[in-house]
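Protein chains in written order, with UniProt numbering: chain A, 1 to 468; chain H, 1 to 468. Beta carbons: idealized from backbone N, C-alpha and C, even for Gly.
Protein chains: 2
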Amino acid sequence: MNDLIDRLAAALGPGGVLTESADIAPFGTDWRGLYANSPRAVLRPRDADGVAASVRLCAEAGVAIVPQGGNTSLVAGAVPSRPGAEFVLSLARLNRVRAIDRAGLSMIAEAGVTLLRAQEEAAEAGALLPLSINSEGSAQLGGVLSTNAGGNNTLRFGNARDLILGLEVVLPDGTLWNGLRLLRKDNTGYALKHLFAGAEGTLGIITAAALKLYRAPRERQTCLCALPGIDAVLDLFARLRDEDESALYAFEYISGPAMALNARHMPDFRLPFAEPAAHYVLAELATTRRAASLRETLESVLAGALEHGTIADAAIAESETQRRDFWAIREHIAESQKREGTSVKNDVSVPIASVPDLLDRTRAMLTARYPGARMAAFGHIGDGNIHLNVIQPEGEEPGAFDGRAEDLMEDVNAIVAGLGGSFSAEHGVGMIKRPAFAHWRAAAERDAMRRIKDALDPRGIMNPGKLF
Amino acid sequence: MNDLIDRLAAALGPGGVLTESADIAPFGTDWRGLYANSPRAVLRPRDADGVAASVRLCAEAGVAIVPQGGNTSLVAGAVPSRPGAEFVLSLARLNRVRAIDRAGLSMIAEAGVTLLRAQEEAAEAGALLPLSINSEGSAQLGGVLSTNAGGNNTLRFGNARDLILGLEVVLPDGTLWNGLRLLRKDNTGYALKHLFAGAEGTLGIITAAALKLYRAPRERQTCLCALPGIDAVLDLFARLRDEDESALYAFEYISGPAMALNARHMPDFRLPFAEPAAHYVLAELATTRRAASLRETLESVLAGALEHGTIADAAIAESETQRRDFWAIREHIAESQKREGTSVKNDVSVPIASVPDLLDRTRAMLTARYPGARMAAFGHIGDGNIHLNVIQPEGEEPGAFDGRAEDLMEDVNAIVAGLGGSFSAEHGVGMIKRPAFAHWRAAAERDAMRRIKDALDPRGIMNPGKLF
């Protein structure tokens with residue numbers, strides 16, 4: 001092992017290998033603090049060739065590699081599965097935006113570029129990288145693509161995979177594959193880019209990506225609405241979608257209990273409504289049209305919805321500051337839940353028409369089996385994706401609820417499965433959802449995936465303990 | 001073999017197995033008439049269980065299966081690779097649309113449903129299945145998805161794969177995998193659906209698909225434009241995209257020589273222009289907005305383009321009939337080229353900014369190496385996808401040009417590769433582009449694909465001779 005570390009240090013140059021326990025411990029702790037598996041060493045290559053050299057040397061030695069970007073996984077997908085035995089390979093130093101093509105609407109960026117920086121560089125070129133997630137300030141592109149991140153604009157632009165034109169990937173034997181093709185159409189064999197996207201680093205390491213950009217919108221309108229019932233939420237969605245499908249960039253849901261936790265824990269929390277409501281929606285319309293009139297469109301839809309009783313109240317952002325305030329409410333929910341104590345995260349999806357059933361059945365299940373537990377749902381309801389989080393009973397000792405988390409997740413997953421849904425809409429499988437993956441996906445499906453894993457990574461060195 | 005056929009006949013029931021040579025010969029001939037490899041038998045299961053039973057029995061016997069839908073492949077992807085040795089499995093009797101969900105905007109349909117019927121059933125439900133290709137009247141969904149078909153609306157809605165929510169697939173051992181999830185988000189392991197999409201039947205047989213639908217547009221405007229130069233074509237594209245990106249559903253290119261062949265061979269051919277032009281564009285704008293004013297938008301963009309000299313002339317369709325007339329011109333090109341004699345089909349893509357270089361370099365290469373050969377380019381230029389077809393020299397004996405087709409394709413492919421492009425944008429690889437695939441794709445990429453193929457189809461019975 002020390003021989004290997006010496007060879008890696010020689011290959012990666014100064015600062016390329018960390019072995020001091022104080023330096024490497026943070027790389028073994030996941031964002032939620034559920035795992036603390038310190039790596040044997042941390043590799044910090046500067047470029048794709050350095051990644052390739054690292055993987056080649058590790059492959060020869062049969063040592064496992066855990067690729068890590070911003071380490072923001074919510075399912076413990078980017079930390080070692082065992083303490084002291086695996087190498088974390090940090091992509092943080094691969095942080096170049098290699099090219100932006102404004103006319104062709106594309107960008108080539110390396111794995112260690114944060115999503116926020118990629119968005120900003122696109123914006124500077126007058127374009128839009130339409131992928132936005134809560135952790136975008138620290139999440140890096142390699143991880144964002146390897147987990148097929150979703151987020152706020154999936155409704156309009158799809159998941160991370162839908163933005164990929166091409167990838168550069170270091171394969172499990174250390175071969176560097178340059179698939180950075182800037183093509184909108186390319187039917188030449190299996191869709192390897194779609195295989196690496198969402199593979200959670202188990203098939204290779206994405207070192208750079210060619211991404212689709214879109215034109216930056218010329219007008220944007222954002223509203224926060226208070227609604228009396230979940231059916232009204234779906235009705236508002238249908239009204240907005242019916243009016244102008246392509247302008248509906250985001251349609252986000254916040255349940256009354258999730259909002260109440262914000263009221264308790266969010267600094268400077270303020271709602272633009274006189275009364276609290278049972279449900280809230282944050283909707284954003286945008287368009288690249290000149291001479292657009294989204295404001296009128298939105299006002300007209302909201303007026304109709306108000307008259308019909310679909311919404312109880314609504315506020316349209318009057319400024320960019322107010323728009324940011326609305327989004328801050330949406331984005332603070334996870335933090336508010338964290339402050340409230342133990343929260344069991346269920347990132348599930350169902351066909352959107354089944355969302356009311358999902359909420360009703362989960363509420364009934366919780367009442368019967370977890371008395372006092374509080375359902376604080378929110379999420380990307382336009383995609384049928386609900387973060388069906390369950391907060392510990394009020395006043396209970398922090399941590400007391402932990403032991404029941406796995407049972408509770410499986411109880412929720414059973415309801416989700418009954419509605420034809422998924423136990424992981426956008427967070428992936430990682431280590432945390434492995435039991436659900438084994439339980440809820442058909443043997444034929446898992447077997448096909450396992451065969452692919454074994455075919456591409458026969459030594460099993462790529463991010464072991466994740467997915468399988 | 002006769003034992004196997006008896007067992008298959010028993011499993012599939014009346015009409016399930018064809019063995020008479022007159023019946024089965026058409027299944028061995030590809031659409032372009034380049035191959036005539038009669039199958040040993042044709043299997044015609046009625047449903048997915050019948051497909052599964054067929055594959056299971058063939059797998060046990062080690063007999064190769066060629067899945068076939070409408071048999072419209074342009075690269076000989078759906079006929080046997082050898083005469084008399086392989087079974088064609090026709091999906092034609094799996095022709096049920098199982099469900100349409102208008103509110104959820106989805107459809108579940110079987111592999112044997114033609115694309116046209118799927119479009120029509122979606123339209124009847126007030127929705128849009130935004131995939132449109134020339135052969136849609138006979139092409140069936142299974143083939144459309146297995147080849148990741150592109151077509152006229154890819155610019156706005158993506159390729160076939162982008163419409164797939166879930167798939168039902170019979171795996172190479174005969175296992176039926178039900179992956180028909182109606183979910184917009186589902187991050188639970190490798191993207192198998194994206195692997196089967198575009199795999200050309202080499203990894204299993206798609207028996208049904210859950211597809212995304214969109215809202216039907218409320219307004220549609222179509223124009224045919226005459227342009228003086230290829231740079232002007234790109235300028236018009238930029239103008240329209242800049243005006244209203246989400247409304248640009250199609251931007252199709254027809255070169256002057258391609259149009260001239262239409263003038264020669266298309267019945268009732270009529271152009272709405274006084275003078276022939278060097279280049280033509282067929283553009284279509286559409287929107288789901290109420291109170292839209294695409295007509296004004298289009299008129300304003302065209303007026304600006306006319307003033308600037310970008311276009312020489314333009315006609316906006318004044319009726320649905322005229323719109324269909326414009327599209328008929330675009331759709332008749334392949335037929336006109338067929339009537340003119342031998343045409344070498346190059347379905348290539350490059351980044352759109354490189355299209356002028358592609359055309360210039362190809363023209364120069366043809367002049368130097370294939371004197372008299374006529375470049376008759378057309379295609380989905382908005383995607384950077386050009387059908388860079390080359391017609392035999394005028395007056396030459398039909399067929400004389402055939403012997404040079406492979407050299408010519410490779411000469412074009414070399415130019416395409418030099419521009420970072422693809423030798424097959426939307427037609428796939430099949431048998432015809434296997435040499436190009438072997439030549440122009442990196443060893444690492446082909447090796448990864450080969451490993452996947454061997455892992456999922458270890459007996460090598462699924463559509464042999466295609467891709468690899």
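Annotation for Thr287 of chain A: no alpha helix (DSSP H) segment contains it, though the beta strand (DSSP E) segment containing it runs His279 to Thr287. A straight-line Cα-Cα distance of about 10 Å links Ile100 of chain A and Glu124 of chain A. The segment 226–251 of chain H is shown to contain whole alpha helix (DSSP H) runs of 4 or more residues at 230–243, in chain order. Secondary structure of Glu445 of chain A (DSSP, three-state): helix. Residues of the segment 288–319 of chain A that bring their beta carbon within less than 7 Å of a beta carbon in chain H comprise Thr288, Arg289 and Arg290, in sequence order. Taking C-alpha positions only, Glu60 of chain H is separated from Met431 of chain H by approximately 26 Å. At a cut-off of 8 Å, the C-beta of Thr188 of chain A has a neighbouring C-beta in chain H.
Residues of the segment 415–436 of chain A with a Cβ closer than 9 Å to any Cβ of chain H, in chain order: Gly420, Gly421, Ser422, Phe423, Ser424, Ala425, Glu426, His427, Gly428, Val429, Lys433 and Ala436. Less than 8 Å separates the beta-carbon of Leu57 of chain H from that of Arg7 of chain H. Put simply, of A:Gln68, A:Ala92, A:Asn389 and A:Asn134 the residue whose alpha carbon is nearest the alpha carbon of Ser81 of chain A is A:Gln68. For Asn148 of chain A, the number of other beta carbons within 10 angstroms of its own is at least 16, and it is reported as buried. Nearest C-alpha to Val429 of chain A among H:Pro356, H:Asn187, H:Gly28 and H:Ala216: H:Asn187.
Using a CB distance cut-off of 8 Å, Gly28 of chain A does not count as an interface residue toward chain H. By the Cβ criterion, the segment 262–276 of chain A is not in contact with the segment 308–320 of chain H, since fewer than three pairs of Cβ atoms, one from each stretch, lie closer than 8 Å. Listed along the chain, the chain H residues whose CB falls inside 8 Å of the CB of Met107 of chain A amount to none; the nearest CB is some 13 Å away.
When C-alpha distances from Ala127 of chain H are compared across H:Ser138, H:Arg215 and H:Ala53, the shortest belongs to H:Arg215. Our two residues, Asn413 of chain A and Phe423 of chain A, have alpha carbons roughly 6 Å apart in a direct line. Val63 of chain H and Thr29 of chain A have their alpha carbons spaced roughly 52 Å apart. If you check each beta-carbon in the segment 242–255 of chain A against every beta-carbon of chain H, the ones closer than 9 Å belong to Asp242, Glu243, Asp244, Glu245, Ser246 and Ala247. Residues of chain A whose Cβ lies closer than 8 Å to the Cβ of Tyr214 of chain H are, in chain order, Glu245. For Lys338 of chain A, the nearest beta carbon of chain H is not closer than 8 Å to its own beta carbon.
Secondary structure at Trp177 of chain H: strand, using DSSP grouped into helix, strand and coil. At least one CB of chain A lies nearer than 8 Å to the CB of Ile352 of chain H. Rounded to the nearest whole angstrom, the C-alpha separation of Gln221 of chain H and Ala85 of chain H is 51 Å.
A distance below 8 Å separates the beta carbons of Arg156 of chain A and Leu248 of chain A. Residues of chain H with a Cβ closer than 9 Å to the Cβ of Asn385 of chain A are, in chain order, Leu183, Arg184 and Lys185.
When beta bridges are read from the DSSP output, Gly166 of chain H appears opposite H:Ala210.
Taking a Cβ-Cβ threshold of 7 Å, the residues of chain A close to Trp177 of chain H are Ala442, Ala444 and Glu445, in chain order.
Leu34 of chain H carries a coil assignment under DSSP once its states are collapsed to helix, strand and coil.
Ala210 of chain A and Pro217 of chain A have their alpha carbons spaced roughly 21 Å apart. With a minimum length of 3 residues, the unbroken runs of beta strand (DSSP E) contained wholly in the segment 362–450 of chain H fall at 374–380 and 385–391.
Measuring C-alpha to C-alpha distances from Pro371 of chain H to each of H:Ile386, H:Glu284, H:Ala118 and H:Pro393 identifies H:Pro393 as the nearest. A residue is called buried when at least 16 other Cβ atoms come within 10 angstroms of its Cβ; Glu20 of chain A does not meet this threshold and is exposed. With the rule of 3 Cβ pairs closer than 8 Å, the segment 168–187 of chain A does not count as touching the segment 140–147 of chain A. Runs of beta strand (DSSP E) with 3 or more residues, each lying fully within the segment 20–81 of chain A, are found at 41–43 and 65–68, listed in chain order.
Within chain A, Asn148, Arg161, Ala191, His194, Leu195, Ala197, Gly198 and Ala199 have C-beta atoms less than 9 Å from the C-beta of Ala191 of chain H, given in sequence order.
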